[in-house]
Ligand code: 1HN
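And the structure:
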């Protein structure tokens, strides 16, 4: 029988036919079997390479001077999880990263420096450490550093998702820095105060579709919210105090493909483990702590990674790996994931373990 089977496989090979029964179990695994690995990038280790990148190529020549954070199991794929891209971008004083647009959505989480700008559709936003900034799909964007210090930020994009759907388009702008047509802060004035322009019927009239019309979520507001909660609210045993950034017009994630979060772990926090189907990328905004990440190997065993993180470090938690966070001194963590897609497809799962 085995011989006949293999003869059948060989005979139909040229006709691009494959027997399902040989692959069925791996196509529908009993639980997610991600190839991704937990991984950690200490800023202390990465920063010198960013500095060297600054010596060997200009922002103008590179277009975007970025070191991609690649999942060790996905080398060469420009991906930190199967669905998400992450990188650290450097822009030196006086440089401009030229204007372009693409269908991929981008987020920036500012890691180091102060005072450079990103421009989106004619409006500049000044960047501060800890700000969360959005570039909506198909909007013109350029970045410039008019400060006297290097600026570094985390880029998060839905590149693997758009690649999967073969839906990528891109164009270069006609000038390096786009014309400024709106005063800085206009989008924040319109949408950043629990108000919206009159005759603005929510998502029906949203200027950027499902993407938030707020380009910047400033750190001062975010920390004010989290510190207030830390003083008085009930602590969540898994998350500490965790808030999701929202699109003010929909209450949903700021981007249709990526959810973003900031959480505060108080001093002495020893979190319980949880797992969820959305893989997540973390950037350490303040303080230090430990992430314990446990996953099931393809063979069936488990393996655990323990990352001791501090300010500006980055790490990735793959799908359906359990994550336990703890912090002696307290810390503030930014993170992003592909949760909105899981929710849209009705496949999001979370399991909160009690020990
Ligand atoms: C991009 O446009 C930026 O605008 C950063 O800063 C990273 C990675 C791949 C494709 C486009 C940016 C990017 C990118």
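Numbering (the numbering used here), first residue to last: 20 to 374.
Every residue, glycine too, gets a C-beta built ideally from N, C-alpha and C.
request  = Ignore the nearest five residues each way along the sequence and tell me which others in residue 196's own chain have a CB closer than 8 Å to its CB.
outcome  = 115, 117, 118, 138, 161, 163
key: Check whether residue 337 and residue 56 have beta carbons under 8 Å apart   = yes
query = Measuring from the CB of residue 24, is there a heavy atom of ligand 1 at a distance below 7 Å?
reply = no
query = Just checking my contact of residue 295 with residue 352 at CB under 8 Å: how many whole Å lie between their CB atoms?
reply = About 15 Å; that fails the 8 Å criterion.
Local Cβ density within 10 Å of residue 58, reported as buried at 16 or more and exposed below that = buried
request  = Helix, strand or coil for residue 119, going by three-state DSSP, please let me know.
outcome  = strand
ask   = For ligand 2, which residues have a Cβ under 7 Å from at least one heavy atom, in chain order?
value = Among the ligands modelled here, namely ligand 1, ligand 2 does not occur.
query = Any idea what DSSP makes of residue 31, helix, strand or coil?
reply = helix
query = In terms of residues, what are the limits of the alpha helix (DSSP H) holding residue 366?
reply = Note, residue 366: premise wrong, no alpha helix (DSSP H); not H, not E.
query = Is the stretch 74 to 92 touching the stretch 37 to 51, taking contact as three or more C-beta pairs under 8 Å?
reply = no
inquiry  = Within a Cβ cutoff of 6 Å, which residues of the same chain sit near residue 297, ignoring the five residues on either side of it in sequence?
reply    = 356, 357, 358, 361
task = State whether the stretch 120 to 134 contacts the stretch 143 to 152, with contact taken as three or more CB pairs (one from each stretch) at a distance under 8 Å.
result = yes
ask   = alpha helix (DSSP H) containing residue 152: first to last residue?
value = Run containing residue 152: none in the alpha helix (DSSP H); it sits in the beta strand (DSSP E), 151 to 154.
ask   = So the beta strand (DSSP E) residue 139 belongs to, where does it begin and stop?
value = 133 to 139
request  = Hey, could you find the ends of the alpha helix (DSSP H) residue 45 is sitting in?
outcome  = 43 to 46
key: Straight-line Cα distance separating residue 184 from residue 190   = 19 Å
message = Does the structure place the stretch 254 to 267 close enough to the stretch 317 to 332 that three or more beta carbon pairs sit under 8 Å?
response = no
ask   = Closest by CA to residue 67, which one among 109, 31, 30, 154?
value = 109
request  = Using DSSP bridges, identify the partner residues of residue 281.
outcome  = 262, 353
query = When the Cα of residue 95 is compared with those of 49, 179, 126, which residue comes out closest?
reply = 179
query = So does the stretch 328 to 337 actually touch the stretch 362 to 369, counting three or more Cβ pairs closer than 8 Å?
reply = no
Proximal residues to residue 241 (C-beta, below 6 Å), its chain only, five neighbours per side dropped = 281
Secondary structure of residue 25, DSSP reduced to three states = helix
Cα-Cα separation, residue 251 to residue 267 = 25 Å
task = Might you give, ordered along the chain, the residues of its own chain that have their beta carbon closer than 7 Å to the beta carbon of residue 181, omitting 5 neighbours on each side?
result = 122, 123, 187
query = How about residue 233 and residue 245: are their beta carbons less than 8 Å apart?
reply = no
query = So, helix, strand or coil for residue 236, using DSSP?
reply = strand
query = Nearest to residue 248 by CA position, among 285, 314, 21, 31, is which residue?
reply = 285
ask   = Hey, would you say residue 314 sits closer than 8 Å to residue 333, going by beta carbons?
value = no
From 279, 208, 171, 309, residue whose alpha carbon lies closest to that of residue 292 = 309
message = Using the Cβ count rule (16 or more neighbours within 10 Å means buried), how would you classify residue 194?
response = exposed
query = Under a Cβ-count criterion, where at least 16 other Cβ atoms within 10 Å of its own Cβ denotes burial, should residue 120 be classed as buried or exposed?
reply = buried
request  = State the CB to CB distance for the pair residue 306 and residue 345, rounded to an integer number of angstroms; the pair is presumed to be in contact (CB under 8 Å).
outcome  = That pair is no contact at about 12 Å.
query = Distance, Cα to Cα, residue 214 vs residue 206?
reply = 11 Å
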